[in-house]
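Visitor: The end of the sequence shown is residue 358 by the numbering used here, with every number in the run present. C-beta atoms are modelled at their ideal positions from N, C-alpha and C, and glycine is treated no differently. Computed from a predicted model, the values in this text were never measured in an experiment.
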Amino acid sequence: MRSFRTLLVTVGVTFSVLVGGTLPAQAAVPEGGLSEAVYNYIHRPDYLPGGNDWTCKPTAARPNPVVLVPGTFANLGANFTKLAPRLKNDGFCVFGLNYGMTALSNGRVGGLGPIVNSARELDAFVARVRTATGAAKVDIVGHSQGGNVPIYWMKRMGGAARTAHYVGLAPSSHGTDLNGIVTLAEDLDALGFINDASAYLGTRGVTDQMLTSAYTKALWADTNTVPTGPKYTVIMSRWDAVVTPYSSQRLAGTNVRNLVVQDYCWNDNIGHAGLAFDGPTMQLTLNALTDGPSWFWPVCWDYGPQWL
51 MRSFRTLLVT VGVTFSVLVG GTLPAQAAVP EGGLSEAVYN YIHRPDYLPG GNDWTCKPTA
111 ARPNPVVLVP GTFANLGANF TKLAPRLKND GFCVFGLNYG MTALSNGRVG GLGPIVNSAR
171 ELDAFVARVR TATGAAKVDI VGHSQGGNVP IYWMKRMGGA ARTAHYVGLA PSSHGTDLNG
231 IVTLAEDLDA LGFINDASAY LGTRGVTDQM LTSAYTKALW ADTNTVPTGP KYTVIMSRWD
291 AVVTPYSSQR LAGTNVRNLV VQDYCWNDNI GHAGLAFDGP TMQLTLNALT DGPSWFWPVC
351 WDYGPQWL
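1. To the nearest angstrom, how far is the alpha carbon of cysteine 315 from that of cysteine 350?
2. Using 10 angstroms around the beta-carbon of asparagine 274, count the other beta-carbons present and answer buried if the total reaches 16, otherwise exposed.
3. Going by DSSP in three states, alanine 214 sits in which element: helix, strand or coil?
4. If distances are taken between C-alpha atoms only, which option among Thr105, Thr283 and Trp347 comes closest to threonine 304?
5. Do glutamate 171 and threonine 131 have their C-beta atoms within less than 8 Å of each other?
6. Which of helix, strand or coil does DSSP assign to arginine 180?
7. Output needed for glycine 150: all residues of its chain with C-beta closer than 6 Å, excluding positions within five of it in sequence on either side, in chain order.
8. Just to check my reading of the structure: aspartate 96 and leucine 126 have Cβ atoms closer than 8 Å, yes? What is that Cβ distance to the nearest angstrom?
9. How many whole angstroms separate the CB atoms of phenylalanine 327 and leucine 98, which I take to be in contact at a CB cut-off of 8 Å?
10. Reducing DSSP to helix, strand and coil, say where glycine 354 ends up.
11. Taking the straight line between their C-alpha atoms, what separation do you get for alanine 128 and leucine 358?
12. Comparing alpha-carbon positions, which option in Asn229, Pro221 and Val117 lies nearest alanine 174?
13. I'd like the list of long-range same chain contacts for tyrosine 353, defined as Cβ closer than 7 Å, with 5 residues on each side in sequence excluded.
14. If distances are taken between C-alpha atoms only, which option among Leu325, Ser344, Thr340 and Leu269 comes closest to phenylalanine 142?
15. Mapping the DSSP letters down to three states, classify glycine 146 as helix, strand or coil.
16. Quick one: what's got a C-beta closer than 6 Å to alanine 323's C-beta in the same chain, skipping five residues either side?
17. I'd like the ranges of any alpha helix (DSSP H) spanning at least 4 consecutive residues and lying wholly in the region 99 to 158.
18. Closer than 7 Å by C-beta to cysteine 94: which residues in its own chain qualify, once you throw out the five before and the five after it? Chain order, please.
19. Whole angstroms is fine: what's the gap from lysine 107's alpha carbon to arginine 136's?
20. Which residue wins for smallest C-alpha separation from valine 119, given the options Asp103, Asn148 and Tyr91?
21. Verify whether the separation of the beta carbon atoms of alanine 210 and serine 194 is less than 8 Å.
22. Tell me, to the nearest whole angstrom, how far the beta carbon of threonine 152 is from that of glycine 252; I am working on the premise that it is less than 8 Å.
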């Protein structure tokens, strides 16, 4: 019996080598979901599974380290429990930062500080990643405000020259009206009060994302296009109830692709937060980072938490 089992193992290993070319160098990093995200949010806000390994060196197949940027009120531990392992297991060096922390953050609630300051944090972090890895450029994947901060960095701080690919998951590219709340507040002449309160409380990163904010107007004052150089992909959900209207997430410029998940998987009722846990979104992200074909169509399964 033992010899038969040994034979089976030998055949299996030989088949793996013949088909895959090499044996796996290490065990795959397990992907997490919503329960892991909740646990990490509280107990491990800086945890990035498979990531922030400062000894990791890019390969010829995956030459650009990926920098992950979480969304407003989120942190690394919560935002990327699924995507970070997916990228690591695909051969990428994966890094990520928490940014925009203020006195209110308690080390967990990110994205509260002014976006301009957060872009400076991103700039310093990318410099550290490039130094550690020796890479000329990085890939950026950001969710919500985490997609907005890199836009400022690329557009206003020269970051485009250091970026190969940008993937925005429901980015607040042009701000949000929060389903009309911002417009209503403007009509009631209440935005001044809200902005003053935000500055006092240390939550400027939130109000910077309003479509009528001084930050948003200044970001797009000169041109409505993104800088040339990087390849841009925006992945949106038609059911996004946070960055609204969802079409405001779109970018314009050279090498820009704007994708709507429901155009591929009509019954994927993913919302804003859920994009970070959504299988088709992960597939579209990997295709973008690896210069996959424009006709790529994700397999419609492994949906994230619906309507979230």
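Guide: Once the coordinates are examined:
1. 6 Å
2. exposed
3. In the three-state reduction of the DSSP assignment, alanine 214 falls in the strand class, which pools E and B.
4. From the listed residues Thr105, Thr283 and Trp347, the smallest Cα separation to threonine 304 is found for Thr283.
5. no
6. helix
7. Cβ neighbours of glycine 150 beyond the five flanking positions: Gly160, Gly161, Leu162, Gly163, Ser168 and Gly255.
8. Confirmed, Cβ separation roughly 6 Å.
9. The pair is not a contact, with the Cβ atoms about 15 Å apart (cut-off 8 Å).
10. coil
11. 14 Å
12. Val117
13. When the five nearest sequence neighbours on each side are left out, the beta carbons in the same chain lying within less than 7 Å of the beta carbon of tyrosine 353 are those of Asp318, Ile320, Asp328 and Gly329, in order along the chain.
14. Thr340
15. Glycine 146: strand per DSSP, three-state reduction.
16. Leu358
17. 126 to 129 and 133 to 139
18. Looking at the sequence provided, one finds arginine at residue 94 rather than cysteine. Gly127.
19. 17 Å
20. When each option's Cα is compared against that of valine 119, the closest is Asn148.
21. no
22. 4 Å
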